[in-house]
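Novice:
There are 2 protein chains.
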Amino acid sequence: MLKTRRLGYDGKGQRLFRSAADDPSGAFAALGNVPLILESLVPFEREISIIAARGLDGATACFDPADNVHRNGILYTSTVPASVAAPTAEAARRAATAILEALGYVGVIGVEFFVLADGSVVVNEIAPRVHNSGHWTEAACVVSQFEQHVRAIAGLPLGDPSRHSDCAMQNLIGDEIAELPNLLAAPNVLVHLYGKAEARPGRKMGHFTRLL
Amino acid sequence: MLKTRRLGYDGKGQRLFRSAADDPSGAFAALGNVPLILESLVPFEREISIIAARGLDGATACFDPADNVHRNGILYTSTVPASVAAPTAEAARRAATAILEALGYVGVIGVEFFVLADGSVVVNEIAPRVHNSGHWTEAACVVSQFEQHVRAIAGLPLGDPSRHSDCAMQNLIGDEIAELPNLLAAPNVLVHLYGKAEARPGRKMGHFTRLL
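Protein chains in written order, with our numbering: chain A, 67 to 278; chain B, 67 to 278.
1. In the DSSP output, what is LYS78 (chain A) paired with across the bridge?
2. What residues are listed by DSSP as bridge partners for SER144 (chain B)?
3. According to DSSP, LYS270 (chain B) sits in a beta bridge with which residue or residues?
4. Here's a check: name, in chain order, each residue in its chain whose Cβ is nearer than 6 Å to the Cβ of HIS215 (chain A), leaving out the five neighbours to either side.
5. Tell me whether HIS215 (chain B) sits in a helix, a strand or coil according to DSSP, three-state version.
6. Any beta carbon from chain A within less than 9 Å of ASN254 (chain B)'s own beta carbon?
7. Expressed to the nearest angstrom, what Euclidean distance is found between the alpha-carbon atoms of VAL181 (chain A) and ARG71 (chain A)?
8. Should GLY121 (chain B) and ARG217 (chain B) be called a contact, given that it needs their Cβ atoms to be closer than 9 Å?
9. Do the CB positions of THR126 (chain B) and VAL135 (chain B) come within less than 9 Å of each other?
10. Quick check: GLY240 (chain A) and ARG266 (chain A), are their CB atoms within less than 9 Å of each other?
11. Using C-beta distances below 7 Å, list every residue in its chain close to PRO147 (chain B), excluding the 5 sequence neighbours before and after it, in chain order.
12. Using a Cβ-Cβ cut-off of less than 8 Å, give me the residues of the stretch 230-262 of chain B that come near chain A, in sequence order.
13. Could you compute how far the alpha carbon of GLU111 (chain A) sits from the alpha carbon of VAL255 (chain A)?
14. Less than 8 Å between C-beta atoms, sequence neighbours within five positions excluded: which residues of the same chain meet that for PHE274 (chain B)?
15. Who are the neighbours of SER149 (chain B) on chain A, taking C-beta pairs under 8 Å?
16. Is the beta carbon of ALA132 (chain B) closer than 9 Å to that of VAL177 (chain B)?
17. Comparing C-alpha positions only, which one of B:LEU107, B:ALA95 and B:ILE103 sits nearest to ARG84 (chain B)?
18. Say whether chain B places a C-beta atom closer than 9 Å to the C-beta of ARG195 (chain A).
19. Is it buried or exposed, ILE103 (chain B), if we count other Cβ atoms within 10 angstroms and call 16 or more buried?
20. Grab the span of the beta strand (DSSP E) containing ARG71 (chain A) for me, first residue to last.
21. Run the CB neighbour count on ASN138 (chain B), radius 10 Å, all protein chains shown included, and call it buried at 16 or more, exposed below.
22. For ALA118 (chain B), which three-state DSSP category applies?
23. Following the continuous alpha helix (DSSP H) through ASN99 (chain A), name the residue where it begins and the one where it ends.
24. Going by CA-CA distance only, name the one from A:GLY272, A:VAL150, A:ALA93 and A:VAL100 that's closest to PHE179 (chain A).
25. How many whole angstroms separate the CB atoms of VAL277 (chain A) and ALA206 (chain A), which I take to be in contact at a CB cut-off of 8 Å?
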């Protein structure tokens, strides 16, 4: 997998080579003539992510890991609790915390992991900001990832990241925004729209959370 | 109890006469020379309130009743679930819904009730807006009273008023705002500040909710 080092999202900034026979010509230009990383493809069973935070005082807090499902390279659903064993969740928390501390980071970060067949985790990507896979925190935690970020950078105590409910977040991509009337009438559902005027294919128009 | 008909809040706009010997002179002027209501004092055991909504289409929805405790005539705490039997809660819901329908009301309303010793309810006051005793909905329901109001007046379906957690809301009045650092560090607590520059006695500076 040939990837840009920065600013990749929604499957953009990647080029996959399945074998040595695949023709690499044009890849550098197609990816924008920027520095690239060539990685072996990871045979993962699922993807999870952790929304973590580090405050000005060095305190850290992790929200629960979420199961992420992608469609066409774009995040489609994030669900908590994730279907991983406790040691896997704990390994992901440890890795997210280690990244925060190694970077001397202040604020909220999203860390995506591949979960391998043996339950171990491999960091796939980090997002130095609030993250789409953490939108469930707004519905299922006392303090959301957004308030957590403000607390972190403002030097306030980090909020309690515990989760009061099970929850599934689903993105509304392109024409899926037409589901809005049904979603507004559905029990346990909270909808967020991003105010984008036009629904184009692959465009994130909003998301909804459903308490489970 | 001599009360103004409108715009009373936080114990303002009231004058209590315990007996016929109490001197009523000056009461009319003290209450602002506006139309007044003279009511018998109700021997209530507790106060509850219902945040209800009616949409443009006539649909209605009630959040769960909350137990309200006042201090110095000002709301201090609202707690859900309220400590009332199911028939009392149901009577309050029915009364709130009847008020919405009789007024042809659209939007969110707060209805306060006295609960008598026999479990019956008497409407004390209505607030034709979102209400302080409904701030818990933001922490403990999928759709808050604020979103519910927007849905109602915008002609969207009313949101599911069900409650995912038990919750206590407490107002921060005057100097109590000094508790802010402790509240920010407490688990299960969400704090709202109103951005008022000066903490005066009896002034509502903010509130916090605690999931129970």
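For glycine and all other residues, C-beta sits at the position ideal for the given N, C-alpha and C.
Specialist: Looking at the coordinates:
1. Counting from one through the first sequence, the residue named residue 78 (chain A) turns up at place 12. Partner(s): none; LYS78 (chain A) has no beta bridge.
2. Translated into positions along the second sequence, residue 144 (chain B) becomes position 78. Its beta-bridge partners are B:ASN134 and B:MET235.
3. As a first step, residue 270 (chain B) is located in the second sequence; it is residue number 204 there, counting from the start. The partner list for LYS270 (chain B) (beta bridge, DSSP) reads B:ILE239.
4. Along the first sequence, one-based indexing puts residue 215 (chain A) at 149. Cβ neighbours of HIS215 (chain A) beyond the five flanking positions: GLY173, VAL174 and VAL196.
5. Translated into the one-based positions of the second sequence, residue 215 (chain B) becomes position 149. Helix, per DSSP.
6. The residue given as residue 254 (chain B) occupies position 188 in the second sequence. With 9 Å as the cut-off, ASN254 (chain B) counts as an interface residue toward chain A.
7. Mapped onto the first sequence, residue 181 (chain A) falls at position 115. Mapped onto the first sequence, residue 71 (chain A) falls at position 5. Taking the straight line from one Cα to the other gives about 21 Å.
8. For this step, residue 121 (chain B) is matched to residue 55 along the second sequence. For this step, residue 217 (chain B) is matched to residue 151 along the second sequence. Yes, these two residues count as a Cβ contact at 9 Å.
9. The sequence position of residue 126 (chain B) within the second sequence is 60, counting from 1. The sequence position of residue 135 (chain B) within the second sequence is 69, counting from 1. Not closer than 9 Å, so no.
10. One-based indexing of the first sequence puts residue 240 (chain A) at position 174. One-based indexing of the first sequence puts residue 266 (chain A) at position 200. For GLY240 (chain A) and ARG266 (chain A), yes; Cβs fall inside 9 Å.
11. Locating residue 147 (chain B) in the second sequence gives position 81, where the first residue counts as 1. If we look at PRO147 (chain B) and ignore the five residues flanking it on each side, its Cβ neighbours are ASP130 and ASP232.
12. HIS230, SER231, PRO247, LEU250, ALA251, ALA252, PRO253, ASN254, VAL255 and LEU256
13. By 1-based counting over the first sequence, the position of residue 111 (chain A) is 45. By 1-based counting over the first sequence, the position of residue 255 (chain A) is 189. So the two alpha carbons sit approximately 29 Å from each other.
14. Reading the second sequence from its first residue, position 208 is the one you call residue 274 (chain B). Closer than 8 Å at Cβ, skipping near neighbours: MET235, GLN236, LEU238, LEU249, VAL255, LEU256, VAL257 and HIS258.
15. Taking the second sequence and counting its residues from 1, the one referred to as residue 149 (chain B) is at position 83. Result: empty, since nearest Cβ-Cβ is about 22 Å, beyond 8 Å.
16. Position 111 of the second sequence, counted from the first residue, corresponds to residue 177 (chain B). Position 66 of the second sequence, counted from the first residue, corresponds to residue 132 (chain B). For VAL177 (chain B) and ALA132 (chain B), no; Cβs fall outside 9 Å.
17. Walking along the second sequence from the start, residue 84 (chain B) turns up at place 18. Selected option, being the one with the closest Cα: B:LEU107.
18. As a position in the first sequence, residue 195 (chain A) is number 129, starting the count at 1. So no, ARG195 (chain A) is outside the interface.
19. Against the second sequence, residue 103 (chain B) aligns to sequence position 37. ILE103 (chain B) comes out exposed.
20. Within the first sequence, numbered from 1, the residue matching residue 71 (chain A) stands at position 5. Per DSSP, ARG71 (chain A) belongs to no beta strand (DSSP E) and is neither H nor E.
21. Counting from one through the second sequence, the residue named residue 138 (chain B) turns up at place 72. So ASN138 (chain B) ends up on the exposed side.
22. Taking the first residue of the second sequence as position 1, residue 118 (chain B) is located at position 52. ALA118 (chain B): strand per DSSP, three-state reduction.
23. Position 33 of the first sequence, counting from 1, holds the residue named residue 99 (chain A). No alpha helix (DSSP H) contains ASN99 (chain A), which DSSP labels as neither H nor E.
24. Position 113 of the first sequence, counted from the start, is the residue given in the question as residue 179 (chain A). PHE179 (chain A) has its Cα closest to that of A:VAL150, out of A:GLY272, A:VAL150, A:ALA93 and A:VAL100.
25. In the first sequence, residue 277 (chain A) corresponds to position 211, counting from 1. In the first sequence, residue 206 (chain A) corresponds to position 140, counting from 1. In the sequence under discussion, the amino acid at residue 277 (chain A) is Leu, which differs from the Val named in the question. Rounded, the Cβ-Cβ distance is 7 Å, consistent with contact.
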